[in-house]
Amino acid sequence: MVGFKGKAFYVRSVFDRISSRYDLMNKVMSLGFDGVWRRKAAQLCGVSSGGLCLDVCTGSGMLALELAKLVRPGGRVYALDFSPRMLSTAYSRISKTPYSGLVELVEGDALNLPFKDSVFDCTTAAFCLRNVEDLKVALREMVRVTKQGGRVVVLDLSKPSNKVYRKLNEIYLKAVVPVLGKIIVGESDPYAYMHSSLIKFPVKRELAEIMSRAGLDGIKYYEFNLEMISIHVGVKKI
Ligand SMILES: C[S@@+](CC[C@H](N)C(=O)[O-])C[C@H]1O[C@@H](n2cnc3c(N)ncnc32)[C@H](O)[C@@H]1O
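In my numbering, the protein residues as written are 6 to 243.
Laid out in structure tokens, this is it:
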């Protein structure tokens, strides 16, 4: 795929570079919690056997795999990303599992999804809406491809309201995570970017309001690990 410019070009090349160490780094910096958050996000999609799901910005496919466990038998999960190397990592992971026949990997852009309107029972995005060029467009696209009454689920970093947690979060993201990135992945910049991207990212009610304006109802959010992580869930308006 060609034609990415600006932030998208930068983000795509970063993920292409760090793909082989991405999962290990996730495990270490989340202290092993990342699997728990993705499992929870999948459960909040409200899908079951036969369901049709889309995971945008799937990366190494971990959330897509959690969704596949819920929709079998008879369901299907489309897992989309614009980084060919992240998709190769996803392929290596998923092809070794019993769910490989259920997951279809798609190279594509979250801002211009290659799917018709109102086809998916749920659409998810984990740890990626901070990285896209235009959050509102990404959410509108997720809503567009979701069926009326289907859910859109967003898992991402958050900003604790509690002052002590907020300070801890800041120290962890600014001082610890970039060092871990240097040791584990060989690069600190992409991990220093986590903190700077979070500063500009709307969280809690602000994100809920943007989701509502994108066409979702009944938005709820759940927070985990000292409010450092959140899952927002909304239902496409009927
Ligand atoms: C931090 S990773 C998250 C991956 C995965 N969702 C997870 O839970 O680990 C962000 C992913 O979003 C992808 N991405 C960022 N912007 C994108 C866009 N506009 N279209 C498609 N993929 C995008 C990157 O290539 C990367 O794989």
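Note that beta-carbon positions come from the ideal geometry of N, C-alpha and C, so glycine has one too.
- By the Cβ test, the region 86–93 is not in contact with the region 67–78, since fewer than three Cβ pairs between them sit closer than 8 Å.
- When V33, L36 and L85 are compared, the shortest CA-CA separation from R17 is found for L85.
- In this model, R26 and G37 are separated by some 15 Å (Cα to Cα).
- Closest in alpha carbon position to S97, among V52, G66 and Y177, is G66.
- For S202, the CB contacts under 6 Å within the same chain, skipping 5 residues up- and downstream, are R135 in chain order.
- In the DSSP assignment, K32 falls within the unbroken alpha helix (DSSP H) covering G11 to M34.
- For G40, the secondary structure class from DSSP, reduced to helix, strand or coil, is helix.
- In this structure, T63 has its CB closer than 7 Å to one or more heavy atoms of ligand 1.
- For L49, the shortest C-beta to heavy atom distance toward ligand 1 is 7 Å or greater.
- Given a length threshold of 3 residues, each whole run of the beta strand (DSSP E) inside the region 81–118 is given here in chain order: 81–86 and 108–112.
- In this structure V169 is exposed. Its beta-carbon is surrounded by fewer than 16 other beta-carbon atoms within 10 angstroms.
- By the neighbour-count criterion, in which a residue is buried when 16 or more other Cβ atoms sit within 10 angstroms of its Cβ, S105 is exposed.
- Per DSSP, the unbroken alpha helix (DSSP H) holding I188 starts and ends at V182 to I189.
- In terms of CA proximity to G155, T129 leads the group N174, T129, L140 and K164.
- Within the chosen limit of 7 Å, ligand 1 reaches the beta carbon of F87 through at least one heavy atom.
- A distance criterion of 7 Å places the beta-carbon of D122 beyond contact range of ligand 1, judged by its closest non-hydrogen atom.
- In the DSSP assignment, R149 falls within the unbroken alpha helix (DSSP H) covering L140 to V150.
- F125 counts as buried, since at least 16 other C-beta atoms from the protein chains shown sit within 10 angstroms of its C-beta.
- Not a single heavy atom of ligand 1 lies less than 7 Å from the C-beta of L162.
- For the alpha helix (DSSP H) assignment, the uninterrupted runs of no fewer than 4 residues enclosed by the region 149–236 are, from N- to C-terminal side, 168–176, 182–189, 194–205 and 209–218.
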